[in-house]
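K.L.:
Anchor point for the sequence shown: position 25 equals 222 in the numbering used here, and the numbering is continuous, going up by one each time.
Let me begin by handing over the structure; questions about it come next.
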Amino acid sequence: MSTELDPRPGRPLLRRSLNVLLAALLLGGLVYVVTGTDGEGTITPEETLRRMQAGDTAVVLLDVRTPSEYTGATGHLAGALPLPLQELPARMAELDVFRGKTLVVYCRTANRSGQAAAQLREAGHTVLVMTGGITRWNALDYPVVREEAR
Numbered sequence: 198m199s200t201e202l203d204p205r206p207g208r209p210l211l212r213r214s215l216n217v218l219l220a221a222l223l224l225g226g227l228v229y230v231v232t233g234t235d236g237e238g239t240i241t242p243e244e245t246l247r248r249m250q251a252g253d254t255a256v257v258l259l260d261v262r263t264p265s266e267y268t269g270a271t272g273h274l275a276g277a278l279p280l281p282l283q284e285l286p287a288r289m290a291e292l293d294v295f296r297g298k299t300l301v302v303y304c305r306t307a308n309r310s311g312q313a314a315a316q317l318r319e320a321g322h323t324v325l326v327m328t329g330g331i332t333r334w335n336a337l338d339y340p341v342v343r344e345e346a347r
């Protein structure tokens, strides 16, 4: 005896297909909420460090945190350009000199950088979001630049 409510042929398969689709959409949404990205277009802190140490000139580091975060206790990546997310739309033209390069964008945890990446991609840039942001970078005890207290 079937436990399906709809006895018409083909409906159980359709129902299962819709359930799988719904689960995939929910999981995709969860990835976005947790990481601030769509799961694609990301780079790990490990790979970012490797590229920095190799002197990869095809990569530009972009820190989209606030100025106080950039100069604060968590530090910033050496060579990173500060461009706060809230200023990005008004300053987008400044990034035109980096066309043809890959922008590696980071923030505290990869939430704001995901938002910045969407704007940058829409403007035609190639972008990677550093997963985990500066929080993950610091947890790995990677080098940062810290501003001296004045």
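All residues carry an ideal CB built from backbone N, CA and C; glycine is no exception.
Predicted, not measured: the structure shown is a model, and the values here were computed from it.
Can you give, in chain order, each stretch of the beta strand (DSSP E) that sits fully within the region 234-297 and has at least 3 residues?
P.N.:
Qualifying beta strand (DSSP E) stretches, in chain order: 256-260.
K.L.:
Select from Pro281, Leu258, Pro242 the residue whose C-alpha is nearest the C-alpha of Glu266.
P.N.:
Residue Pro281 is the option with its Cα nearest to Glu266.
K.L.:
Should Val342 be labelled buried (16 or more other beta-carbon atoms within 10 Å of its own) or exposed?
P.N.:
Burial call: exposed.
K.L.:
Going by the DSSP bridge assignment, what does Tyr303 pair with across the sheet?
P.N.:
BP columns for Tyr303 point to Asp260.
K.L.:
Evaluate Thr254 with the Cβ neighbour count: other Cβ atoms within 10 Å of its Cβ, from every protein chain shown; 16 or more gives buried, anything less gives exposed.
P.N.:
It counts as exposed.
K.L.:
If you count every other CB in all the chains shown that lies within 10 Å of the CB of Ala270, and 16 or more means buried, which is it?
P.N.:
Exposed.
K.L.:
By DSSP's criteria, Val341 is part of a beta bridge. Which residues make up the other side?
P.N.:
Bridge partners of Val341: none, in fact.
K.L.:
Roughly how many angstroms lie between the CA atoms of Glu319 and Tyr339, to the nearest whole one?
P.N.:
Roughly 31 Å separates the two Cα atoms.
K.L.:
Within a Cβ cutoff of 6 Å, which residues of the same chain sit near Leu278, ignoring the five residues on either side of it in sequence?
P.N.:
Excluding positions up to five away in sequence, the list reads Leu259.
K.L.:
Just how far apart, CA to CA, sit Arg248 and Leu274?
P.N.:
About 12 Å.
K.L.:
Where does Thr332 sit, in a helix, a strand or coil, going by DSSP?
P.N.:
Helix.
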